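For the record, the sequence lines run as chains C and Y.
Under our numbering, residues 5 to 270 are what the first sequence spells out, in order.
Under our numbering, residues 13 to 314 are what the second sequence spells out, in order.
The C-beta atom is built at its ideal place from N, Cα and C for all residues, glycine as well.
Small disclaimer: the values here were computed from a predicted structure and weren't measured.
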Amino acid sequence: MSRLFKVPLLSNTEVADGHRLASFALPRETRAPQAGQFFMVGIPGLQDPLLKRPFSLHRMTDEGRVEILYRIRGKGTRLLAERTTGDVIEVLGPLGKPFPLDSTGRPVLVGGGLGAVPLVQLALSLAGRSPRIFLGARAGAELLSLDWFRKADPETVVSTENGEAGLKGFVTEPFRAYLEDSGPTCTVYACGPTPMLAAVSAICRDRGIPGYVSLEEHMACGVGACMGCVTETVEGYKSVCREGPVFPMEQVRFSFPGGSPERGGP
Amino acid sequence: MPSLETRIGELRLRNPVMTASGTFGYGQEYAEFVDLNRLGAVVVKGISLEPMQGNPVPRVVETPCGMLNAIGLQNVGLKAFLNEKLPFLRQFDTRVIVNILGNSVKDYVRLCQHLSDAGVDAIELNVSCPNVKKGGIAFGTDAAELGRLVESVRKASSVPLITKLSPNVGDVALFARVAAEAGTDAVSLINTLVGMVIDTVTRRPKLSNITGGLSGPAIRPVAVRMVWEVHRKTGLPIIGMGGIMTTEDALEFILAGASAVAVGTANFVNPGASVEIVDGLERYLAKARVSSVRELVGAVRT
Ligand SMILES: Cc1cc2nc3c(=O)[nH]c(=O)nc-3n(C[C@H](O)[C@H](O)[C@H](O)COP(=O)(O)OP(=O)(O)OC[C@H]3O[C@@H](n4cnc5c(N)ncnc54)[C@H](O)[C@@H]3O)c2cc1C
Ligand SMILES: Cc1cc2nc3c(=O)[nH]c(=O)nc-3n(C[C@H](O)[C@H](O)[C@H](O)COP(=O)(O)O)c2cc1C
Ligand code: FES
Numbered sequence: 005m006s007r008l009f010k011v012p013l014l015s016n017t018e019v020a021d022g023h024r025l026a027s028f029a030l031p032r033e034t035r036a037p038q039a040g041q042f043f044m045v046g047i048p049g050l051q052d053p054l055l056k057r058p059f060s061l062h063r064m065t066d067e068g069r070v071e072i073l074y075r076i077r078g079k080g081t082r083l084l085a086e087r088t089t090g091d092v093i094e095v096l097g098p099l100g101k102p103f104p105l106d107s108t109g110r111p112v113l114v115g116g117g118l119g120a121v122p123l124v125q126l127a128l129s130l131a132g133r134s135p136r137i138f139l140g141a142r143a144g145a146e147l148l149s150l151d152w153f154r155k156a157d158p159e160t161v162v163s164t165e166n167g168e169a170g171l172k173g174f175v176t177e178p179f180r181a182y183l184e185d186s187g188p189t190c191t192v193y194a195c196g197p198t199p200m201l202a203a204v205s206a207i208c209r210d211r212g213i214p215g216y217v218s219l220e221e222h223m224a225c226g227v228g229a230c231m232g233c234v235t236e237t238v239e240g241y242k243s244v245c246r247e248g249p250v251f252p253m254e255q256v257r258f259s260f261p262g263g264s265p266e267r268g269g270p
Numbered sequence: 013m014p015s016l017e018t019r020i021g022e023l024r025l026r027n028p029v030m031t032a033s034g035t036f037g038y039g040q041e042y043a044e045f046v047d048l049n050r051l052g053a054v055v056v057k058g059i060s061l062e063p064m065q066g067n068p069v070p071r072v073v074e075t076p077c078g079m080l081n082a083i084g085l086q087n088v089g090l091k092a093f094l095n096e097k098l099p100f101l102r103q104f105d106t107r108v109i110v111n112i113l114g115n116s117v118k119d120y121v122r123l124c125q126h127l128s129d130a131g132v133d134a135i136e137l138n139v140s141c142p143n144v145k146k147g148g149i150a151f152g153t154d155a156a157e158l159g160r161l162v163e164s165v166r167k168a169s170s171v172p173l174i175t176k177l178s179p180n181v182g183d184v185a186l187f188a189r190v191a192a193e194a195g196t197d198a199v200s201l202i203n204t205l206v207g208m209v210i211d212t213v214t215r216r217p218k219l220s221n222i223t224g225g226l227s228g229p230a231i232r233p234v235a236v237r238m239v240w241e242v243h244r245k246t247g248l249p250i251i252g253m254g255g256i257m258t259t260e261d262a263l264e265f266i267l268a269g270a271s272a273v274a275v276g277t278a279n280f281v282n283p284g285a286s287v288e289i290v291d292g293l294e295r296y297l298a299k300a301r302v303s304s305v306r307e308l309v310g311a312v313r314t
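This is how it looks when you write it as structure tokens:
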């Protein structure tokens with residue numbers, strides 16, 4: 005009954021400096037993970053680090069494997085990076101609310117940096133509805149899943165802050181320009197650093213466009229039991245792990261420790 | 013088949029394993045991961061008269077073999093608990109123990125009246141949560157205040173009363189004795205130990221609340237020692253907790269003097285931990301040819 009699985013890593017490969025792509029298979033009886041959902045991942049038997057680490061579903065492979073894409077940050081991700089194919093990891097999930105797929109109009113995806121990970125499976129799931137995709141990053145090297153995005157939208161618009169790839173500047177600029185030109189209705193899906201999400205939400209709100217954001221917060225349980233991972237919404241604090249991580253944009257109250265949303269980028 | 017049945021005062025439990033308050037939500041959150049029917053009791057997140065917002069994030073930070081939390085007692089409040097949360101738990105064949113907190117004796121008394129009327133199986137007084145400035149710290153660390161509170165609450169409650177002691181005091185047995193004289197049926201210990209972590213890059217505390225409560229395996233030896241002291245000095249029924257991850261950990265608490273144990277932070281790591289401990293205790297008793305878990309309570313050889 006528990007959705008905690010001990011499964012072998014089927015791959016764990018470096019895809020860029022400090023970034024890895026790992027995959028594992030879930031037991032057959034598990035619900036199929038959907039875009040926007042995440043997993044709590046840990047190394048069995050360890051008490052330091054004690055807690056599992058949350059990682060978004062990057063992509064379901066053709067063989068039905070779960071793929072996660074992660075950056076090595078601290079102790080937990082470093083230990084995960086040291087595992088090799090065949091090593092057993094402990095996985096809780098799939099967890100959280102996925103992106104709703106039955107939205108109105110054209111899907112418009114806006115992703116920033118590594119935060120764009122959950123948009124990969126979303127883009128693939130929505131490929132039949134010709135999504136428009138806008139990707140931003142600080143530098144070209146951070147655009148890790150571009151090939152997958154291009155499968156869903158060959159004209160995926162790329163912008164980098166240092167101008168290394170695509171347009172120079174924040175992703176919100178080409179996104180805003182697109183909304184200016186495109187008459188028809190659309191639904192926006194955004195994922196990335198908080199200032200970017202706040203900017204995207206503000207742009208959508210001004211134009212009456214509906215949308216969803218996927219949030220991140222420090223987590224302990226991942227299932228809504230500890231109330232450790234809350235975000236401020238118009239209805240008070242809600243747990244990111246259970247009531248999110250995907251929220252309707254208009255519900256989230258963004259706070260701006262790093263500047264105002266008008267700045268428009270991370 | 014050895015017996016796992018145990019008693020906390022008047023309260024009979026099918027087995028001595030419960031969930032620790034604040035680590036198991038209102039039961040519902042874990043219902044798809046664990047068979048709640050297999051637990052001795054579910055202890056729910058601390059309930060106050062009115063809903064509480066809690067602290068801003070970050071509310072949790074990992075520490076070596078443990079974690080600090082400063083949730084700030086976010087909870088749905090008494091009314092929503094009775095209407096929306098309790099009926100769900102009542103579908104299961106397990107005891108429901110409600111952890112409560114207030115800012116005044118009056119708050120606690122009203123909570124106890126309502127919860128007694130609602131027929132919950134027991135009430136656990138949180139007098140020790142270190143997170144919210146007015147969240148009960150005065151009661152848990154001031155013996156006279158604690159005595160006054162327990163006495164009033166005792167009169168207002170028709171169900172077993174458990175006082176959850178703060179470990180952030182010099183002599184925990186003294187507080188246990190005060191609670192016993194004021195009429196508590198049992199004590200639970202330990203609540204979290206107050207701690208702090210600083211980010212050396214930003215030079216800021218890692219928790220928005222600055223300090224938080226330490227839980228997990230890191231605090232287990234402290235908890236076992238406190239259970240042993242309170243058992244030896246008061247003989248009160250004890251629910252022991254603090255870093256229990258495995259059957260062996262639970263047995264340490266029982267041997268030190270706990271009649272029951274609660275699994276807290278371990279739920280986050282392994283939602284099945286509590287049920288695995290129930291099974292593990294049964295196997296241990298069978299193997300050691302002990303007929304009842306009650307024979308092991310306080311049986312440490314010193
Ligand atoms: C819903 C969700 C989805 C995520 N998806 C991905 C993903 O697909 N790819 C990816 O690379 N990262 C993702 N992250 C971030 C990832 O969880 C952290 O990078 C990771 O937990 C860092 O662990 P560590 O031990 O290496 O770092 P440390 O800094 O040593 O971790 C210490 C503690 O802080 C927590 N923590 C640190 N950074 C973060 C963070 N950014 N968000 C949440 N908790 C954090 C850790 O979980 C741990 O409890 C996601 C986070 C969330 C909440
Ligand atoms: C996230 C979190 C929230 C908690 N909330 C409460 C609470 O509301 N009331 C309470 O009495 N104890 C609360 N506690 C304390 C636990 O019930 C328990 O006493 C403590 O965590 C030690 O056990 P552990 O190490 O097994 O977690 C909380 C602990 C954690 C980790
Ligand atoms: S991590 Fe525990 S409620 Fe979200």
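With a threshold of 7 Å, establish whether the CB of residue i neighbours any heavy atom of ligand 3.
i: Ala-2 (chain Y); result: One cannot answer for residue 2 (chain Y) here, as it falls past the ends of chain Y, which runs 13 to 314.
i: Ala-229 (chain C); result: yes
i: Arg-246 (chain C); result: yes
Any idea if residue i is buried or exposed, counting beta-carbon neighbours within 10 angstroms, 16 or more meaning buried?
i: Asn-49 (chain Y); result: exposed
i: Val-273 (chain Y); result: buried
i: Tyr-74 (chain C); result: buried
i: Pro-31 (chain C); result: exposed
i: Phe-280 (chain Y); result: buried
i: Pro-76 (chain Y); result: exposed
i: Ala-143 (chain C); result: exposed
i: Ser-218 (chain C); result: buried
i: Val-162 (chain Y); result: buried
i: Val-73 (chain Y); result: buried
Would you say the beta carbon of residue i comes nearer than 7 Å to a heavy atom of ligand 2?
i: Ser-33 (chain Y); result: yes
i: Ser-227 (chain Y); result: yes
i: Asn-203 (chain Y); result: yes
i: Met-223 (chain C); result: no
i: Lys-97 (chain Y); result: no
i: Asn-81 (chain Y); result: yes
i: Lys-10 (chain C); result: no
Rounded to whole angstroms, how far is the Cβ of residue i from the Cβ of residue j, which I believe are closer than 8 Å?
i: Gly-252 (chain Y); j: Ala-235 (chain Y); result: 7 Å
i: Val-162 (chain C); j: Leu-147 (chain C); result: 6 Å
i: Tyr-193 (chain C); j: Phe-103 (chain C); result: 6 Å
i: Val-69 (chain Y); j: Glu-239 (chain C); result: Contact flag wrong, Cβ pair sits at about 17 Å.
i: Ser-178 (chain Y); j: Asn-203 (chain Y); result: 6 Å
i: Gly-21 (chain Y); j: Ala-198 (chain Y); result: 5 Å
i: Leu-137 (chain Y); j: Lys-176 (chain Y); result: 6 Å
i: Leu-2 (chain Y); j: Val-29 (chain Y); result: An answer regarding residue 2 (chain Y) cannot be provided, because it is not within the stretch 13 to 314 covered by chain Y.
i: Val-121 (chain Y); j: Ala-168 (chain Y); result: 4 Å
i: Pro-111 (chain C); j: Leu-130 (chain C); result: 5 Å
Is residue i near ligand 1, in the sense that its beta carbon is under 7 Å from a heavy atom of that ligand?
i: Leu-73 (chain C); result: yes
i: Leu-2 (chain C); result: This structure cannot settle anything about residue 2 (chain C), because the visible part of chain C is limited to 5 through 270.
i: Lys-79 (chain C); result: yes
i: Val-121 (chain C); result: yes
i: Phe-153 (chain C); result: no
i: Pro-214 (chain C); result: no
Does residue i have its Cβ less than 8 Å from a Cβ in chain A?
i: Asn-138 (chain Y); result: Within the model displayed, chain A is absent; protein chains C and Y are what it includes.
Problem set entry | Touching by the beta-carbon criterion (3+ pairs, under 8 Å), the region 151 to 160 of chain C and the region 195 to 207 of chain C | no
Exercise. Using 8 Å as the threshold, is the region 48 to 59 of chain C in touch with the region 90 to 108 of chain C, meaning 3 or more CB pairs across them?
Worked result: yes
Exercise. Is it a yes or a no for the region 61 to 81 of chain Y touching the region 296 to 305 of chain Y, going by three-plus beta-carbon pairs under 8 Å?
Worked result: no
Exercise. Going along the chain, which residues of the region 29 to 59 of chain C sit with their C-beta nearer than 8 Å to a C-beta in chain Y?
Worked result: Gly-46, Gln-51, Asp-52, Pro-53, Leu-54, Leu-55, Lys-56
Exercise. If you measure beta-carbon to beta-carbon, which residues of the region 67 to 85 of chain C are closer than 8 Å to chain Y?
Worked result: none
Problem set entry | At least three beta-carbon pairs within less than 8 Å, the region 87 to 94 of chain Y to the region 221 to 231 of chain Y | no
Problem set entry | Cβ contact check for the region 158 to 174 of chain Y and the region 206 to 217 of chain Y: 3 or more pairs under 8 Å | no
For this session: Quick one: which residues of the region 176 to 210 of chain C get their C-beta closer than 7 Å to a C-beta of chain Y? List them in chain order.
Result: none
For this session: Could you say if the region 96 to 105 of chain Y and the region 241 to 260 of chain Y meet the contact criterion of at least three C-beta pairs nearer than 8 Å?
Result: no
Exercise. At a Cβ cut of 7 Å, what residues of the region 212 to 237 of chain Y count as close to chain C, listed as they run along the chain?
Worked result: Gly-228, Pro-229
Problem set entry | chain C contacts made by the region 93 to 120 of chain Y, where a contact means CB separation under 8 Å | none
Exercise. Would you call the region 31 to 44 of chain Y and the region 180 to 196 of chain Y in contact, with 3 or more CB pairs under 8 Å?
Worked result: no
For this session: State whether the region 170 to 181 of chain C contacts the region 78 to 91 of chain C, with contact taken as three or more CB pairs (one from each stretch) at a distance under 8 Å.
Result: no
Problem set entry | Given 8 Å, three or more beta-carbon pairs between the region 241 to 248 of chain C and the region 104 to 114 of chain Y | no
Problem set entry | Short-range partners of chain C found in the region 75 to 88 of chain Y, where Cβ spacing is below 7 Å | Pro-76, Cys-77, Gly-78, Met-79, Asn-81, Ile-83, Gln-86
For this session: With 8 Å as the C-beta to C-beta threshold (strictly closer), list the residues of the region 28 to 58 of chain Y near chain C in chain order.
Result: Gly-34, Thr-35, Phe-36, Gly-37, Glu-41, Tyr-42, Glu-44, Phe-45, Val-46, Asp-47, Lys-57
For this session: Could you run through the region 238 to 255 of chain C and flag, in chain order, every residue whose CB is less than 8 Å away from some CB of chain Y?
Result: Gly-240, Tyr-241, Arg-246
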